[in-house]
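In the working numbering, the protein residues as written are 1051 to 1190.
(1) Just the Cα atoms here: how many angstroms apart are residue 1093 and residue 1085?
(2) Could you tell me the distance, in whole angstroms, from the CA atom of residue 1247 to the CA atom of residue 1136?
(3) Please name the residue, chosen from 1053, 1057, 1068, that lies closest to residue 1166 on a Cα-to-Cα basis.
(4) Within the chosen definition, does the region 1092-1106 reach the region 1149-1159 through at least 3 CB pairs nearer than 8 Å?
(5) Skipping 5 residues on each side, what residues in its chain have a beta carbon closer than 7 Å to that of residue 1118?
(6) Please report the residue range of the alpha helix (DSSP H) in which residue 1076 lies.
(7) Taking residue 1116 and residue 1075 to be in contact with their CB atoms under 8 Å, please state how far apart those CB atoms are, rounded to whole angstroms.
(8) Report all residues from its chain with a CB closer than 7 Å to the CB of residue 1159; omit the five preceding and five following residues, and keep chain order.
Following this line, the structure appears as structure tokens:
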């Protein structure tokens, strides 16, 4: 349940981030708004729609496969192996605490990518610093 809700939250946030960033950049058109509210109108698979096609409407340098090419294969694997089955009612089995934590580390990496282009300070001065997530240093 925690993982399923985290995935839903991430997908909702990417839609918000694209619509917010699109508004800041003057890109709000009827097609853009429809895509932000339903990325599946863009014609690709879930991962491609959320992380490449929708962000491409905001800027050519934003899609994950362009901005974070090392993260894109991980995202495809995550969607094929974890997200799609979990969202469609399957449960994870035989997952250690460490492997489960790695899933949340991956989700944090996706949020880091979103934070690299969804700069809320452009509209709300000081907000970016308020929402910074600081991960513990593994060396300590």
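Just so it is clear, CB atoms sit at the ideal spot from N, CA and C, and this is done for glycine as well.
The model shown is predicted, which means the values in this text are computed figures rather than measured ones.
Working from what's here:
(1) Numbered from its first residue, the chain shown carries residue 1093 at position 43. Numbered from its first residue, the chain shown carries residue 1085 at position 35. Each residue's Cα considered, the two are about 10 Å apart.
(2) Within the shown structure, residues of the chain are numbered from 1051 to 1190, placing residue 1247 beyond reach of any answer.
(3) Locating residue 1166 in the chain shown gives position 116, counting from the first residue. Residue 1068 is the option with its Cα nearest to residue 1166.
(4) no
(5) Counting from 1 along the chain shown, the entry for residue 1118 is found at position 68. Counting only Cβ-Cβ distances below 7 Å, and skipping sequence neighbours, we find 1163.
(6) Position 26 of the chain shown, counted from the first residue, corresponds to residue 1076. Per DSSP, residue 1076 belongs to no alpha helix (DSSP H) and is neither H nor E.
(7) Position 66 of the chain shown holds residue 1116. Position 25 of the chain shown holds residue 1075. At roughly 16 Å, the Cβ-Cβ gap does not stay under 8 Å, so residue 1116 and residue 1075 are not in contact.
(8) Along the chain shown, read from residue 1 onward, the residue named residue 1159 stands at position 109. Excluding positions up to five away in sequence, the list reads 1121.
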